[in-house]
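Each remark here refers to the structure printed beneath this line.
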Amino acid sequence: MGALLKRDILIAIRSGGGALTGVLFFLVVVILFPFAIGPDTGTLARLGPAILWIGALLASLLGLDRLFAQDREDGSLDLIVMQAHPMALTIFVKAAAHWLVTGLPLVLAAPLFGIMLNMEPIAIAATVTTLAIGTPAIAFIGTVGAAVSVKLPRGGLLISVLVLPLVIPVLIFGVAATIGALEEPAPFTAPFLLLCAVTLFTAVLGPLAAGYMLRHSAD
Amino acid sequence: MKLTVKNLCVNRAGRRIVSAVSFSLRAGEALVVTGPNGSGKSTLLRAVAGLLPIADGNATLEGCEDDPLREHCHYLGHQNGLKPALTARENLDFWQHFLGSPDSSAKEAFEQLDLSHALDLPVGYLSAGQQRRVAIARLLMTKKAIWIVDEPTTGLDKASAKLFTGIAKSYCASGGILIAATHLPLGIGKTKSLELAPHKGVPA
C-alpha cells in the first residue's frame with residue numbers, strides 16, 4: 001500500500017499543476033467575495049472563516065474526477081481490482097494521496113488568504129485547524145462520486161453535483177467550530193468533535209462504498 | 001494445479017456474448033483462443049480474470065478454491081496499465097510491490113525483453129511497442145499461477161514477438177498456465193486451442 005501512496009504522489013508531482021491549480025482556484029473564489037459583498041473590512045473579517053471554508057470546499061472538488069478515471073483509461077484499475085488487497089483499503093490510500101497533493105496545499109495556503117480577508121490571527125488558526133481536519137472528509141466522500149462516474153467521459157460536473165450535498169455536514173461543523181473558537185457563547189468543543197467524527201466516519205464509509213462500486217461496475 | 005472452466009456464459013449489455021464455453025488446463029498447458037473480431041475473446045478472458053461478472057457456469061483453480069480466481073491471474077489486456085509520467089522502472093517496481101510475491105527484479109525482466117536501455121525513461125517517451133514490452137515485463141516481476149494475455153504481441157516487431165514467444169514458453173515449462181487470445185500463431189509448441197464462433201447477438 002505504501003507503493004500505491006508513493007506512486008500516486010509521484011504522478012501528481014511529475015505531471016504537475018494539480019496542486020497549484022487548486023490553490024489558484026481557491027484564491028480566485030476568496031477574491032470574488034469582496035467584490036460581491038463590498039470592501040468593508042469588518043464584514044470580511046467576520047465572514048472570513050465561511051469564505052475560506054467555501055473556497056477550500058470548491059477547490060477540493062477539482063481533480064476528483066481523475067481519481068479513478070485515469071487508472072481506468074490506462075488499464076491500471078483492472079489490475080488494482082483483481083488483487084487480494086481489500087478494495088476499501090486501496091481506495092483509502094488513493095484518497096489519502098489525493099488529499100496530500102491537493103487538499104494539504106489548500107490548508108497551507110489558507111492563512112495567507114485569511115490575512116487578505118483581514119482575519120484575526122486566532123480566527124486564522126481556528127480556520128486552518130478545522131480545514132486540516134475537515135478537508136480529508138471531502139476527499140473520502142469524493143471517492144464515492146469518483147467511483148460512480150468513473151465510466152463517464154465528463155464526470156467532473158456530476159461528481160460536484162453528487163458530492164456537494166454530502167459535504168454539507170463537514171461545512172456546518174467546520175464553520176461552527178471556527179466561530180466557536182472566536183465568539184464567546186458559541187461552543188467550540190462540540191462542533192469540533194463532530195467534525196472529527198464526520199471525517200472518521202467518511203474515512204471508513206466512503207472507501208467501502210467506492211470499493212463496492214468499482215468491483216461491481218466492471219466492463 | 002488445474003484450471004477448469006465449465007459452461008461459462010457471459011452477458012454484456014443484455015446479450016449473451018460467450019455461451020457455454022468449457023475447457024481445462026493443467027499446469028504447463030497453454031490455450032490459444034481464436035475467432036473473428038467480436039466473437040467474445042476478450043470478454044471470455046476478462047470473465048476468467050474476474051473483471052466481468054459470470055452469468056452462468058464457473059471457473060475454478062484446483063487447490064486454490066478458497067480465494068477468488070482473479071488473485072492468481074496476471075492479466076495483460078489491451079491497455080498496458082503503465083503511467084506515462086513514471087519511468088519504466090518505477091512503473092514495474094510499483095506493480096511488483098502492489099501485486100506481491102516478487103519473482104525477478106526489474107533489471108532481469110528488462111534484460112529478458114531487451115529493454116535495459118529504456119529502464120529509466122518515462123514510459124510516455126517510449127514507442128507503443130516498447131510500452132508493450134514494459135507491460136510484458138510486468139508479468140515476469142511477480143509469480144502468478146495463470147497468465148491471461150489478450151493480443152499480447154500488438155505493436156511488437158518480429159524480434160520482440162519472438163522474445164514474447166520465448167518468455168511464454170519458459171513460463172509454461174515452469175508449470176504456468178497460459179491463456180492467450182490472438183490472431184497470430186504464438187509458436188510456443190503444443191497448445192490447446194479454442195475457436196469462438198461469431199455470436200448472433202442472442203438476448204440473454
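If you read the sequences in order, they're chains A and B.
Residue 23 in the numbering used here sits at position 23 of the first sequence, and the numbers go up by one each step.
Residue 34 in the numbering used here sits at position 34 of the second sequence, and the numbers go up by one each step.
C-beta: ideal position from N, C-alpha, C; glycine also.
Note that the coordinates shown come from a computational prediction; the quantities given were computed from them, not determined experimentally.
Counterpart residues of residue i in DSSP-defined beta bridges
i: B/His74; result: B/Trp147
i: B/Phe23; result: B/Val5
i: B/Leu115; result: Paired residue(s): none; B/Leu115 is not in a bridge.
i: B/Thr142; result: B/Pro102
i: B/Arg16; result: B/Asn11
i: B/Glu195; result: B/Thr34
i: B/Thr154; result: Answer is none; B/Thr154 lacks a bridge partner.
i: B/Thr87; result: B/Pro122
i: A/Ile51; result: According to DSSP, A/Ile51 bridges with nothing at all.
i: A/Ile172; result: Paired residue(s): none; A/Ile172 is not in a bridge.
i: B/Phe179; result: Checking the sequence, you will find Ile at residue 179 of chain B rather than Phe. Looking at the DSSP assignment, B/Ile179 forms a beta bridge with B/Leu31 and B/Ile148.
Endpoints, the alpha helix (DSSP H) within which residue i is located
i: B/Asp56; result: Unbroken run through B/Asp56 is the beta strand (DSSP E), Asp56 to Leu61; no alpha helix (DSSP H).
i: A/Thr129; result: Pro121 to Val148
i: A/Cys196; result: Thr189 to His216
i: A/Asp65; result: Element bounds for A/Asp65: n/a, residue is neither H nor E.
i: A/Arg14; result: Gly2 to Ser15
i: A/Pro34; result: Gly18 to Ile37
i: A/Thr90; result: Met87 to His98
i: B/Ile159; result: Residue identity differs from the one stated: residue 159 of chain B is Ala in this sequence, not Ile. Start and end: Lys158 to Ala173.
i: A/Gly114; result: Leu104 to Met116
i: B/Thr43; result: Lys41 to Val48
i: A/Leu158; result: Gly156 to Leu166
i: A/Leu77; result: Ser76 to Met82
Contact under 9 angstroms by Cβ, residue i with residue j
i: B/Thr154; j: B/Gly187; result: no
i: A/Phe26; j: A/Ala50; result: no
i: B/Leu3; j: B/Ala59; result: yes
i: B/Thr142; j: B/Leu99; result: yes
i: A/Leu61; j: A/Ala95; result: no
i: B/Ile167; j: B/Leu113; result: yes
i: A/Pro8; j: B/Gly81; result: According to the sequence provided, residue 8 of chain A is Asp. The question's Pro does not apply to it. No, the Cβ-Cβ distance between A/Asp8 and B/Gly81 is not below 9 angstroms.
i: B/Arg70; j: B/Ile177; result: no
i: B/Val134; j: B/Ala180; result: no
i: B/Leu51; j: B/Tyr75; result: yes
i: B/Leu140; j: B/Ser104; result: yes
i: A/Gly142; j: A/Val170; result: no
i: A/Ala97; j: A/Ala209; result: no
i: A/Gly145; j: A/Val163; result: yes
i: A/Gly211; j: A/Met87; result: yes
i: A/Met265; j: A/Val93; result: In the structure displayed, chain A extends from 1 to 219; residue 265 of chain A sits before or after that span and is not available.
i: B/Ser193; j: B/Leu31; result: yes
i: A/Gly174; j: A/Thr130; result: yes
i: A/Leu106; j: A/Ala176; result: no
i: B/Leu8; j: B/Ser24; result: no
i: B/Gly189; j: B/Lys169; result: yes
i: A/Ala187; j: A/Ile172; result: First, the amino acid is wrong: residue 187 of chain A is Pro here, not Ala. The answer is no: Cβ separation not under 9 angstroms.
i: A/Ala19; j: A/Val128; result: no
i: A/Leu198; j: A/Leu117; result: It is Val, not Leu, that sits at residue 198 of chain A in the sequence shown. Cβ atoms of A/Val198 and A/Leu117: not closer than 9 angstroms.
Residue burial classification, residue i (beta-carbon count within 10 angstroms, cutoff 16)
i: A/Ile37; result: exposed
i: A/Phe113; result: buried
i: B/Arg15; result: exposed
i: A/Thr189; result: exposed
i: A/Lys151; result: exposed
i: B/Glu29; result: buried
i: A/Arg154; result: exposed
i: B/Pro152; result: buried
i: A/Phe33; result: buried
i: A/Leu24; result: exposed
i: A/Phe140; result: buried
i: B/Glu108; result: exposed
i: B/Thr197; result: In the sequence under discussion, the amino acid at residue 197 of chain B is Ala, which differs from the Thr named in the question. Label assigned to B/Ala197: exposed.
i: A/Pro136; result: buried
i: A/Gly16; result: exposed
i: B/Asp67; result: exposed
i: A/Asp40; result: exposed
Boundaries (first-last residue) of the beta strand (DSSP E) holding residue i
i: B/Leu186; result: Looking at the DSSP string, B/Leu186 is not in any beta strand (DSSP E), and its letter there is neither H nor E.
i: B/Asn11; result: Lys2 to Arg12
i: B/Val33; result: Ala30 to Thr34
Contact test: residue i Cβ vs the ligand MN heavy atom, cutoff 8 angstroms
i: A/Thr135; result: With respect to the ligand MN, the structure offers nothing, as it holds no ligand at all.
Contact with chain E by residue i, beta-carbon distance below 9 angstroms
i: A/His216; result: Among the protein chains in the structure shown, which are A and B, there is no chain E.
Checklist entry - If you measure beta-carbon to beta-carbon, which residues of the segment 161 to 191 of chain B are closer than 7 angstroms to chain A? => result none
Checklist entry - Of the residues that make up the segment 68 to 83 of chain A, which ones have a beta carbon closer than 8 angstroms to any beta carbon in chain B? => result Glu73, Asp74, Gly75, Ser76, Asp78, Leu79, Ile80, Val81, Met82 and Gln83
Checklist entry - Which residues, in chain order, does the segment 2 to 17 of chain A contribute to contact with chain B at a C-beta distance below 8 angstroms? => result Gly2, Ala3, Leu4, Lys6, Arg7, Leu10, Ile11, Arg14 and Ser15
Checklist entry - Taking Cβ-Cβ distances below 7 angstroms as the criterion, which residues of the segment 61 to 75 of chain B are in contact with chain A? => result Asp67, Arg70, Glu71, Cys73 and Tyr75
Next on the checklist: Under 9 angstroms, CB to CB, which of the residues in the segment 96 to 107 of chain B have a partner in chain A?
Outcome noted: Gln96, His97, Phe98, Leu99 and Gly100
Checklist entry - Between the segment 36 to 55 of chain B and chain A, which residues of the former have a C-beta closer than 8 angstroms to a C-beta of the latter? => result Arg46, Ala49, Gly50, Leu51, Leu52 and Pro53
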